[in-house]
Every structure is written in C-alpha cells, then in structure tokens.
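J.:
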Amino acid sequence: MTDHRGVAVVCWSGQTSPIEHGLTALSAAYHLRTETEKGESVAEVDELPQRYRAETSDPGSAFANDVVLVALMKDTVAGCLVVTAPADGQSEIKRLWTAPVFRGQGIASSLLEAALAHAVENGVDTVRLSVWEWRTGAIALYERFGFTVTESWDKRDQLVCMQRAA
127 MTDHRGVAVV CWSGQTSPIE HGLTALSAAY HLRTETEKGE SVAEVDELPQ RYRAETSDPG
187 SAFANDVVLV ALMKDTVAGC LVVTAPADGQ SEIKRLWTAP VFRGQGIASS LLEAALAHAV
247 ENGVDTVRLS VWEWRTGAIA LYERFGFTVT ESWDKRDQLV CMQRAA
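Per my numbering, the sequence shown starts with residue 127, numbered consecutively.
1. Is the separation between the beta-carbon of LEU267 and that of ALA234 shorter than 8 Å?
2. Taking LEU222 as part of the beta strand (DSSP E), name the residues at either end of that continuous run.
3. Can you tell me whether ARG290 is helix, strand or coil according to DSSP?
4. DSSP on VAL171, reduced to helix/strand/coil?
5. Looking only at C-alpha atoms, which of ASP184, SER187 and ALA154 sits nearest to VAL171?
6. Please determine, among GLN289, ARG177, LEU255 and ASP192, the residue with the shortest C-alpha to C-alpha distance to ASN248.
7. Please state whether the Cβ-Cβ distance between VAL208 and VAL227 is less than 8 Å.
8. Can you name the start and end residues of the alpha helix (DSSP H) that THR262 belongs to?
9. Would you grab the beta carbon distance between TRP260 and GLU166 for me? Rounded to a whole angstrom, and I think it's under 8 Å.
Laid out in structure tokens, this is it:
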C-alpha cells in the first residue's frame, strides 16, 4: 500500500501466518498496556476482557469487516492499525500501535497516511478515532494529521474523541 522511510504498509488479508503472528503479538501488547494505563491489574492476555481476547486470539474474525493495515520493517511486523468498514460516510481508526522497539521511525505516520488514503478510496467523508487522554504523543500525532477534538460518542472517562474530513 505504501512504502515510506523503509516502512512497508500492507493490507492484511488474514491469510499470511507470519503477519498474523506479529499482529497477534502487537494486539496483545496494545491491550495489556492499555489496561495497565487504565489502572487495571492485567498481567496476561487470558485476563483481558473477552472482546480484547478475541482480537488477540483471532484478529481475522475480530476484524472480518474491517481493514487491518500492518507496517513491516523488512520482514518484521512493527505496527498496526484498523480502519472500520464505512458506515454513513464515516470510518473509525482503531488500535494504532507501534512496537516500542520501532518507535520514532515514522511507522504510526505511515499507517495513518495509508488509512486516510484507504478512506478516500472508499468514499468516506469523515474519519474518527478515540484515544485515551494520557496518550499525549498520540494526540499530538493525530493533530498533526488534522484531527480535532469533537463531541464524544463514547462516554468512557478520559477518552478523547477526534475526527477529520477524509
């Protein structure tokens, strides 16, 4: 899909085992870190809420209607992002995550660029996302990409909702 600064972003079809293994590991790291940041005591994937365990155990089924973008550094899965299927002219970006060892190399930016291009190609008018307020680096990244804070569609405390035109 895109190749930027040595980062290859591909649309994962659910058919590639090495990518699925890396995606599963990234998903687990994302959810475990998020639960820790929320103050939840979760040490293992088996302790995650069921909806998150489903994403880590079978991302192909969990995101069957969505597009999963995977960033590769050579042959290693370095980051991921999910773009939900368009509904009423909108798509949502979820699960943007870069493996800590690969941060600072433009991976999140490459994934966002690819996600926004995908949205335009699929006739999406608005792209939205939610992010925890303590993830200030992610919020700054989204703002650089033109996202602005909007009225919340998700009433969880400390969740910031953002959107931008595709």
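Backbone N, C-alpha and C define an ideal beta-carbon position, used for all residues, glycine too.
T.: Concretely, from the data shown:
1. A contact, by the Cβ cut-off of 8 Å.
2. Element bounds for LEU222: 216-224.
3. strand
4. helix
5. ALA154
6. ASP192
7. no
8. 262-270
9. About 14 Å; that fails the 8 Å criterion.
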